[in-house]
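Peer 1:
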Amino acid sequence: MKWLWATDIHLNTANEAEALQFYESIRQADADALIITGDIATGPGLARYLRVLEAALRMKIYFVLGNHDYYYDSIAAIRNRIPKQLSGSPYLSWLADSQVVPINSEVTLVGHGAWGDARLGPALNTPVRLNDHVMIEELAGHSRSKLVGLLNDLGAEAAEYLSKVISKALETSRHVLVATHVPPFREAAWYQGEISDDNWLPHFSCAAVGEILLKLAQQNPDKEITVLCGHTHGRGYYEARENLRVHTGGAVYRYPQIEAALNIEGSSIALNRQHNPRQE
Ligand SMILES: [Fe+2]
Ligand SMILES: [Fe+2]
């Protein structure tokens with residue numbers, strides 16, 4: 075089977091020609107399904123962009139949401155609205171509601187967007203501020219310490235969700251593919267070929283998810299976990315354990331691209347990054 079992976083496509087920043095080129099590259103690849111690891115658009119237009127994408131591709135699209143998908147909106151409103159706006163779609167599937175998607179008899183897909191959870195790096199003192207903390211209703215207008223608490227809670231919620239679905243997936247499959255937005259480890263927070271500066275780490279890693287991934291990988295040495303993430307817009311790879319691999323996808327605003335093709339056979343997933351001159 076051939077699945078495709080794209081991340082941080084930020085469709086609201088692409089002009090029509092660039093968007094059409096992206097859709098055409100996916101159609102040409104003749105794949106079975108597409109995984110998108112977040113930052114698809116921004117809140118108010120999110121459902122519309124997803125509907126355009128599905129009309130252009132007419133293939134299964136499994137996605138998680140990134141921080142930008144909540145911009146000009148609220149987390150609660152998006153979580154409430156998106157399932158209703160996409161209901162009845164034969165192609166679009168938000169990896170929420172405890173979904174465990176069988177890819178074949180040995181490989182399953184689960185996902186959650188997660189958050190930069192302010193556990194790593196100097197969360198209280200970093201000079202780095204994200205637009206998240208202005209543009210997302212729940213995160214706006216707080217003191218630094220209150221904000222760090224909220225981000226810690228969002229990370230814990232993501233970790234709890236993923237712990238539950240990954241455990242469930244491991245019961246029936248040898249290899250679990252985890253789609254998330256924010257890198258779960260410092261070593262996966264790639265930016266321009268290097269690990270992100272410490273000041274970015276509070277916002278570029280979801281350490282709570284990293285902890286549960288390590289635990290589950292250790293408890294299941296005969297199983298494999300492969301993580302796909304994005305958010306930092308820098309390509310990279312990190313082998314956290316022999317059976318726990320993390321691929322971080324690259325992205326450039328305005329130019330949505332296929333990040334990789336996943337060739338899935340039996341329990342093995344071979345990931346082939348696509349040529350992208352803007353990333354190399
Ligand atoms: Fe992004
Ligand atoms: Fe992001």
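Residue numbers for the sequence shown, in our numbering: 75 to 354.
A virtual CB, placed ideally from N, CA and C, is assigned to each residue, including glycine.
Bear in mind that the values here come from a model prediction, so they are computed numbers and not experimental data.
I think Ala253 touches Tyr312, with their Cβ atoms under 8 Å apart; what is that distance to the nearest whole Å?
Peer 2: Your numbering for residue 253 matches position 179 in the sequence shown. Your numbering for residue 312 matches position 238 in the sequence shown. 16 Å between Cβ atoms; not a contact.
Peer 1: Start and end of the beta strand (DSSP E) containing Lys289?
Peer 2: Along the sequence shown, one-based indexing puts residue 289 at 215. Looking at the DSSP string, Lys289 is not in any beta strand (DSSP E); the run it does join, the alpha helix (DSSP H), is 281-293.
Peer 1: Which residue marks the beginning of the alpha helix (DSSP H) containing Asn337, and which one marks its end?
Peer 2: In the sequence shown, residue 337 corresponds to position 263, counting from 1. Segment 334-339 is the beta strand (DSSP E) holding Asn337; no alpha helix (DSSP H) there.
Peer 1: Comparing C-alpha positions only, which one of Lys158, Arg352, Gly340 sits nearest to Lys76?
Peer 2: Within the sequence shown, the letter at position 2 stands for residue 76. Considering only alpha carbons, the answer is Gly340.
Peer 1: Once you ignore the five residues that flank Ile109 on each side, which residues in its own chain have a CB closer than 6 Å to its CB?
Peer 2: Start at 1 with the first residue of the sequence shown, and residue 109 comes out as number 35. For Ile109, where only same-chain residues beyond five positions count, the Cβ hits under 6 Å are Trp79, Tyr136, Ala253.
Peer 1: Return helix, strand or coil for Val222, following the three-state DSSP convention.
Peer 2: The residue given as residue 222 occupies position 148 in the sequence shown. Residue state, collapsed to three classes: helix.
Peer 1: Indicate whether Gln159 and Ala121 have their beta-carbon atoms separated by less than 8 Å.
Peer 2: The residue labelled residue 159 in the question sits at position 85 within the sequence shown. The residue labelled residue 121 in the question sits at position 47 within the sequence shown. Going by C-beta atoms, Gln159 is nearer than 8 Å to Ala121.
Peer 1: Taking only the alpha-carbon atoms, compute the straight-line gap between Val250 and Ile240 and give it to the nearest angstrom.
Peer 2: Counting from 1 along the sequence shown, the entry for residue 250 is found at position 176. Counting from 1 along the sequence shown, the entry for residue 240 is found at position 166. Between Val250 and Ile240, the C-alpha separation is close to 7 Å.
Peer 1: Ligand 1 and Ala232: does the residue's C-beta get closer than 7 Å to at least one heavy atom of that ligand?
Peer 2: Taking the first residue of the sequence shown as position 1, residue 232 is located at position 158. No, ligand 1 has no heavy atom inside 7 Å of this Cβ.
Peer 1: Pull up the distance between the alpha-carbon of Val222 and that of Ala233, whole angstroms please.
Peer 2: The sequence position of residue 222 within the sequence shown is 148, counting from 1. The sequence position of residue 233 within the sequence shown is 159, counting from 1. Roughly 16 Å separates the two Cα atoms.
Peer 1: Report yes if the C-beta distance between Glu212 and Leu224 is below 8 Å; otherwise report no.
Peer 2: As a position in the sequence shown, residue 212 is number 138, starting the count at 1. As a position in the sequence shown, residue 224 is number 150, starting the count at 1. Result yes, Cβ atoms of Glu212 and Leu224 sit closer than 8 Å.
Peer 1: Just the C-alpha distance for Gly324 and Pro351, rounded to the nearest angstrom, thanks.
Peer 2: Counted from its first residue, the sequence shown places residue 324 at position 250. Counted from its first residue, the sequence shown places residue 351 at position 277. Each residue's Cα considered, the two are about 11 Å apart.
Peer 1: Taking Ala243 as the reference, give the member of Ser219, Asp227, Thr182 with the closest Cα.
Peer 2: Numbered from its first residue, the sequence shown carries residue 243 at position 169. Comparing Cα-Cα distances from Ala243 to each of Ser219, Asp227, Thr182, the minimum goes to Thr182.
Peer 1: Hey, could you find the ends of the alpha helix (DSSP H) Glu212 is sitting in?
Peer 2: Within the sequence shown, residue 212 is the residue found at index 138, counting from 1. It is not in any alpha helix (DSSP H) - Glu212 carries neither H nor E in the DSSP assignment.
Peer 1: Tell me whether the beta-carbon of Thr116 lies closer than 8 Å to the beta-carbon of His142.
Peer 2: The sequence position of residue 116 within the sequence shown is 42, counting from 1. The sequence position of residue 142 within the sequence shown is 68, counting from 1. Closer than 8 Å, so yes.
Peer 1: Could you tell me which whole beta strand (DSSP E) segments of length 3 or greater appear in the region 94-168?
Peer 2: Segments of the beta strand (DSSP E) lying fully in the region 94-168: 107-111, 134-138, 166-168.
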